């Protein structure tokens with residue numbers, strides 16, 4: 005049993021990668037640490053359960069990475085995917101610290117697997133967790149427990165007592181009981197508000213009813229809303245988020261990474277009117293996959309269809325739901341209640357515009373279209389080999405970018421510009437500092453690990469002072 009009458013040095017709210025990195029970091033710095041995880045133990049870890057890799061800078065190839073990925077290249081990739089909408093100071097700090105995280109995370113019991121090849125194109129830039137995100141989480145929890153970090157599950161925080169930028173205590177609900185927990189410092193690492201459909205509808209309108217939530221149903225943004233309502237400065241556009249195209253047959257929550265489709269670059273994507281609406285070959289897939297959720301969200305009824313043929317059937321990662329198959333484009337259209345005449349014309353126009361080259365999905369190849377709007381800049385191949393296939397897709401929201409503004413020490417800033425006295429943040433709840441828009445594979449875990457470690461260290465020092 006956890007003695008909630010004692011005053012803790014550091015209270016960590018959240019139970020995912022960022023929270024555990026903060027808790028371990030604070031405990032290793034000598035602090036008495038309590039972690040409050042709102043989910044049951046089986047579902048602990050928020051979205052970390054569904055992850056599989058982390059993007060870190062490194063200077064040379066290793067057993068788990070096929071080549072160097074310099075700080076400057078990382079920065080240029082981040083700049084490109086965000087369109088410059090990032091806090092450069094914090095982004096460069098994250099990138100610099102990520103080099104050390106590769107080893108630090110192993111010291112906490114996490115293990116890496118050999119690099120992956122194929123169409124993911126991540127073997128040089130991203131390290132993959134052996135056993136995936138749940139194995140990574142289990143290792144962090146085991147280390148935290150062995151160090152003496154105390155953990156409560158099903159621990160719903162009802163309110164935060166904050167006075168003029170100073171955290172005092174948290175009101176906690178467990179079962180039918182309510183208790184106050186006091187601590188010298190607070191680390192908020194409780195995720196975004198992606199599972200709160202009503203909050204999403206404030207910005208997206210009724211379209212949000214058609215969104216699927218890839219991760220945990222427990223990230224409802226309650227801690228974020230409390231902090232913003234109590235004077236913490238916000239950062240980020242509330243309509244920006246990590247959103248990918250996932251199978252429309254996926255469950256409303258917790259479908260995870262296996263509901264994602266990597267087939268976009270191998271075919272074309274049409275909306276319910278059987279019309280293309282974006283360049284499917286704009287850039288290497290890990291740098292562009294996370295724009296497709298927002299693109300589909302902007303289409304009528306938030307639905308789209310990835311269409312490809314037999315020549316591409318085995319070119320991408322296997323999927324949980326099989327594609328719908330047909331012997332002709334018209335038959336395929338009928339299966340999705342699309343206008344067959346329009347879809348046949350869309351495919352015919354695309355095929356006529358294709359300028360063949362040397363197809364190579366691992367680079368920006370020379371297979372493209374000419375005279376077509378929108379174009380397909382790379383990997384354009386005629387769709388003409390039956391059978392034909394399609395996946396229905398909807399926006400799959402991973403996490404939102406609205407969050408708390410922080411400084412280099414992961415300390416929150418108040419709306420009047422002052423530093424919070426004793427409040428820190430890590431992970432998705434502050435990701436908007438780095439991610440103004442866009443995404444590149446693995447950055448979310450980097451943000452969580454780097455700023456989690458910083459927040460825990462700084463919170464422990466703050467508590468001592």
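Numbering (my numbering), first residue to last: 5 to 469. Where is the CB? At the ideal position from N, CA and C, for every residue including glycine. As the structure is a prediction and not an experimental result, all values here were calculated from the model.
Supposed close pair residue i, residue j - CB separation, criterion 8 Å
i           : j           : result
residue 151 : residue 31  : 5 Å
residue 127 : residue 119 : 4 Å
residue 398 : residue 214 : 6 Å
residue 163 : residue 178 : Not quite, the Cβ-Cβ distance comes to about 14 Å (not below 8 Å), so this is no contact.
residue 447 : residue 414 : With 8 Å as the limit, residue 447 and residue 414 do not qualify as a contact, their Cβ atoms being about 16 Å apart.
residue 238 : residue 368 : Residue 238 to residue 368, Cβ: 37 Å. No contact.
residue 265 : residue 249 : 6 Å
residue 319 : residue 365 : 7 Å
residue 231 : residue 408 : 6 Å
Between the CA atoms of residue j and residue i - distance to the nearest angstrom
i           : j           : result
residue 426 : residue 384 : 54 Å
residue 4   : residue 11  : One cannot answer for residue 4 here, as it falls past the ends of the chain, which runs 5 to 469.
residue 26  : residue 154 : 13 Å
residue 40  : residue 356 : 58 Å
residue 330 : residue 347 : 14 Å
residue 460 : residue 14  : 8 Å
residue 284 : residue 352 : 16 Å
residue 46  : residue 290 : 30 Å
residue 234 : residue 35  : 26 Å
residue 453 : residue 246 : 18 Å
residue 335 : residue 344 : 8 Å
residue 166 : residue 262 : 40 Å
residue 317 : residue 134 : 28 Å
residue 305 : residue 400 : 14 Å
residue 242 : residue 136 : 29 Å
residue 198 : residue 176 : 22 Å
residue 97  : residue 411 : 10 Å
residue 69  : residue 81  : 18 Å
residue 269 : residue 9   : 56 Å
residue 218 : residue 251 : 10 Å
residue 404 : residue 244 : 6 Å
residue 149 : residue 106 : 22 Å
residue 361 : residue 145 : 50 Å
residue 216 : residue 255 : 7 Å
residue 131 : residue 115 : 10 Å
residue 465 : residue 195 : 24 Å
residue 50  : residue 342 : 37 Å
DSSP state of residue i mapped onto helix, strand, coil
i           : result
residue 138 : helix
residue 323 : coil
residue 188 : strand
residue 277 : coil
residue 38  : strand
residue 359 : strand
residue 73  : strand
residue 257 : strand
residue 328 : strand
residue 9   : coil
residue 22  : helix
residue 350 : helix
residue 204 : helix
residue 383 : coil
residue 54  : helix
residue 402 : strand
residue 78  : helix
residue 165 : strand
residue 160 : strand
residue 67  : coil
residue 178 : strand
residue 531 : Limits of the chain in this structure are 5 at one end and 469 at the other, which puts residue 531 out of reach.
Among the options, nearest to residue i - alpha-carbon criterion
i           : options            : result
residue 424 : 52, 236, 391       : 236
residue 315 : 389, 302, 452, 405 : 389
residue 260 : 7, 53, 469         : 53
residue 456 : 109, 9, 368, 70    : 109
residue 434 : 37, 240, 137, 166  : 240
residue 313 : 293, 325, 341, 267 : 267
residue 185 : 209, 208, 160, 303 : 160
residue 376 : 216, 282, 66, 301  : 282
residue 73  : 174, 366, 99       : 99
residue 449 : 462, 323, 430      : 430
residue 467 : 170, 212, 84, 51   : 170
residue 379 : 358, 365, 366      : 358
residue 1   : 183, 451, 444, 301 : The structure shown has nothing for residue 1, since the chain only spans 5 to 469.
residue 200 : 227, 64, 44, 168   : 227
Residue i beta carbon near the ligand PLP (any heavy atom closer than 6 Å)
i           : result
residue 208 : This structure simply doesn't include the ligand PLP, nor any ligand for that matter.
Three or more C-beta pairs below 8 Å linking the region 179-190 and the region 198-206: No, the region 179-190 does not touch the region 198-206.
The region 128-142 / the region 10-26 touching (three or more Cβ pairs under 8 Å): In the pairwise beta carbon analysis, the region 128-142 is classified as touching the region 10-26: at least three pairs are separated by under 8 Å.
Touch test, the region 433-451 against the region 89-109, Cβ-Cβ under 8 Å, three pairs minimum: Verdict: yes, contact present.
Cβ contact check for the region 409-421 and the region 390-397: 3 or more pairs under 8 Å: As far as the Cβ criterion goes, the region 409-421 does not touch the region 390-397, which means the pair count is below three.
Three-pair Cβ contact test at 8 Å for the region 301-313 versus the region 272-286: Contact holds between the region 301-313 and the region 272-286, because three or more Cβ pairs, one in each stretch, are under 8 Å apart.
The region 57-73 / the region 223-234 touching (three or more Cβ pairs under 8 Å): No: the two stretches stay apart, fewer than three of their Cβ pairs being nearer than 8 Å.
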